[in-house]
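A short worksheet on the structure shown next.
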Amino acid sequence: MPATIDDVETLLAGQDYIAARPLATVVFLALKLGRPLFLEGEAGVGKTEIAKAIASGLGRRLIRLQCYEGLDAASAVCDWNFAAQMIAIRTAEAGGTADRDALRAELFTEDYLIERPLLAAMRPQRGGAPVLLIDELDRTDEPFEAFLLEALSDFQVTVPELGTIHAPEPPIVILTSNRTREVHDALKRRCLYHWVDYPDFGREMEIVHARAPEATETLSREVVAFVQKLRGEDLFKKPGVAETIDWAKCLLALDVIALSPEVIADTLGAILKYQDDIQKIAGSPAKKLLDEVRAELTPAQ
1 MPATIDDVET
11 LLAGQDYIAA
21 RPLATVVFLA
31 LKLGRPLFLE
41 GEAGVGKTEI
51 AKAIASGLGR
61 RLIRLQCYEG
71 LDAASAVCDW
81 NFAAQMIAIR
91 TAEAGGTADR
101 DALRAELFTE
111 DYLIERPLLA
121 AMRPQRGGAP
131 VLLIDELDRT
141 DEPFEAFLLE
151 ALSDFQVTVP
161 ELGTIHAPEP
171 PIVILTSNRT
181 REVHDALKRR
191 CLYHWVDYPD
201 FGREMEIVHA
211 RAPEATETLS
221 REVVAFVQKL
231 RGEDLFKKPG
241 VAETIDWAKC
251 LLALDVIALS
261 PEVIADTLGA
271 ILKYQDDIQK
281 IAGSPAKKLL
291 DEVRAELTPA
301 Q
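Position 103, counted from 1, in the sequence shown is what full-length UniProt numbering calls 103; the numbers after and before it change by one each time, with no gaps.
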């Protein structure tokens with residue numbers, strides 16, 4: 001485990017994740033205190049990626065629970081392999097050994113259990129406790145939040161047929177939310193909290209250098225500055241850091257060395273994901289933004 005906040009920054013940077021000091025601090029505290037970390041922010045700002053970076057940097061297994069509307073406790077904890085159970089029943093009947101009590105005891109054992117993310121995170125893992133990523137929690141409903149509150153309080157889950165399974169070593173828990181709805185205060189109180197915001201120009205340049213190192217300095221500066229300008233526009237979905245990286249890689253694939261109105265028009269789909277936003281920016285608005293970017297960058301070059 002990292003011994004200092006600087007160690008956290010180094011660990012994350014080793015996985016090409018450039019974290020601001022406040023984010024590195026809250027990650028350090030979560031690891032030091034064994035507390036779940038709740039990250040909120042716009043889509044594409046790096047909330048999910050930080051869980052991947054921590055798992056990779058610490059050499060731990062990453063277990064991801066992708067949340068969705070209607071997710072319930074059974075789907076998050078475990079399921080039974082009904083097909084295998086039916087085969088076992090048919091085999092027992094054909095062999096004349098279908099003792100009901102013995103068969104029931106045999107069918108509901110670990111051999112027929114299908115682990116889902118929450119149960120898997122409670123199991124011992126090679127290399128230490130896993131990183132449990134509970135992604136986009138805001139997509140679920142309040143009953144699942146209540147269940148999750150209990151599971152994360154004691155780091156245990158109950159399978160009726162097997163009993164309570166307690167984690168010998170609590171997993172490193174990271175929860176994310178895009179804030180499409182408010183998550184209940186009771187769950188937030190169990191966690192350390194951090195709002196992951198869009199990075200400033202300097203930090204986003206560092207991110208592009210880490211994730212798209214082949215890009216020239218000129219192209220990187222224009223890409224980052226243009227995306228930051230876009231975030232100031234009235235768009236349905238502002239581009240995140242993920243879109244900045246994708247756009248830089250698209251431009252590299254096209255052998256682009258500098259932005260132009262034509263290139264922007266051809267590649268807007270890499271950074272804007274709604275047609276209304278593309279129509280609003282394409283053409284004259286894009287050229288105007290590019291002219292503003294170049295005017296601001298010229299004194300620094």
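Backbone N, C-alpha and C fix where the C-beta goes; we use that ideal spot for every residue, glycine too. For clarity, every value in this text was computed on a predicted model and none was experimentally measured.
Checklist entry - What span of residues does the alpha helix (DSSP H) with C250 cover, start to end? => result For the purposes of this step, residue 250 is identified with residue 250 of the sequence shown, where counting begins at 1. Looking at the DSSP string, the run of the alpha helix (DSSP H) that includes C250 is 241-253.
Checklist entry - Straight-line CA distance for H209 to G34? => result Locating residue 209 in the sequence shown gives position 209, counting from the first residue. Locating residue 34 in the sequence shown gives position 34, counting from the first residue. The alpha-carbon atoms of H209 and G34 are separated by roughly 32 angstroms.
Next on the checklist: Measuring straight from C-alpha to C-alpha, what distance separates K52 and G59?
Outcome noted: Locating residue 52 in the sequence shown gives position 52, counting from the first residue. Locating residue 59 in the sequence shown gives position 59, counting from the first residue. So the two alpha carbons sit approximately 10 angstroms from each other.
Checklist entry - Once you ignore the five residues that flank I63 on each side, which residues in its own chain have a CB closer than 8 angstroms to its CB? => result As a first step, residue 63 is located in the sequence shown; it is residue number 63 there, counting from the start. Around I63: P117, A120, A121, P130, V131, L132, L133, P171.
Item to check | Secondary structure of H209, DSSP reduced to three states | outcome: What you label residue 209 is simply residue 209 of the sequence shown in a count that begins at 1. H209 falls in the helix class under three-state DSSP.
Checklist entry - Fully enclosed by the segment 90-119, which beta strand (DSSP E) runs are 3 residues long or longer? => result The qualifying runs are 113-115.
Checklist entry - Considering only C-alpha positions, which residue in the set R190, E222, G163 is nearest to E150? => result For this step, residue 150 is matched to residue 150 along the sequence shown. With distances taken between Cα atoms, E150 lies closest to R190.
Next on the checklist: With a threshold of 8 angstroms on Cβ separation, who are the neighbours of S220 within its own chain once the five nearest residues in sequence on each side are excluded?
Outcome noted: Your numbering for residue 220 matches position 220 in the sequence shown. Only M205, V208, H209, A212, A248 meet the Cβ criterion.
Checklist entry - Is the CB-CB distance between E69 and T140 below 8 angstroms? => result Numbered from its first residue, the sequence shown carries residue 69 at position 69. Numbered from its first residue, the sequence shown carries residue 140 at position 140. A contact, by the Cβ cut-off of 8 angstroms.
Item to check | Residue range of the alpha helix (DSSP H) that includes D138 | outcome: Taking the sequence shown and counting its residues from 1, one reaches residue 138 at position 138. Per DSSP, D138 belongs to no alpha helix (DSSP H) and is neither H nor E.
Next on the checklist: For the segment 266-285 against the segment 226-234, do three or more pairs of beta-carbon atoms, one drawn from each stretch, fall closer than 8 angstroms, so that the two count as touching?
Outcome noted: yes
Checklist entry - Taking the beta strand (DSSP E) that N66 falls in, what are its first and last residues? => result Counted from its first residue, the sequence shown places residue 66 at position 66. Per the sequence shown, the amino acid found at residue 66 is Gln instead of Asn. Note, Q66: beta strand (DSSP E), 62-66.
Next on the checklist: Per the DSSP calculation, L175 is bridged to which residue(s)?
Outcome noted: Residue mapping note: residue 175 aligns to position 175 of the sequence shown, counting from 1. For L175, the pairing in a beta bridge is given by DSSP as F38, I134.
Item to check | Distance, V256 Cα to T216 Cα | outcome: Start at 1 with the first residue of the sequence shown, and residue 216 comes out as number 216. Start at 1 with the first residue of the sequence shown, and residue 256 comes out as number 256. Between T216 and V256, the C-alpha separation is close to 10 angstroms.
Item to check | Reference A20, options L254, I281, L192, V196, closest by Cα | outcome: As a working note, residue 20 is residue 20 in the sequence shown. Looking at the Cα atoms, V196 is the closest of the given residues.
Next on the checklist: Mapping the DSSP letters down to three states, classify D79 as helix, strand or coil.
Outcome noted: For the purposes of this step, residue 79 is taken as the residue at position 79 of the sequence shown. In this structure, D79 counts as strand in the three-state DSSP scheme.
Checklist entry - Buried or exposed: where does K238 fall if 16 or more other Cβ atoms within 10 Å of its Cβ makes it buried? => result Counting from 1 along the sequence shown, the entry for residue 238 is found at position 238. Buried is the call here.
Checklist entry - For I165, does the three-state DSSP call read helix, strand or coil? => result Counting from 1 along the sequence shown, the entry for residue 165 is found at position 165. Looking at I165 - three-state DSSP - the assignment turns out to be strand.
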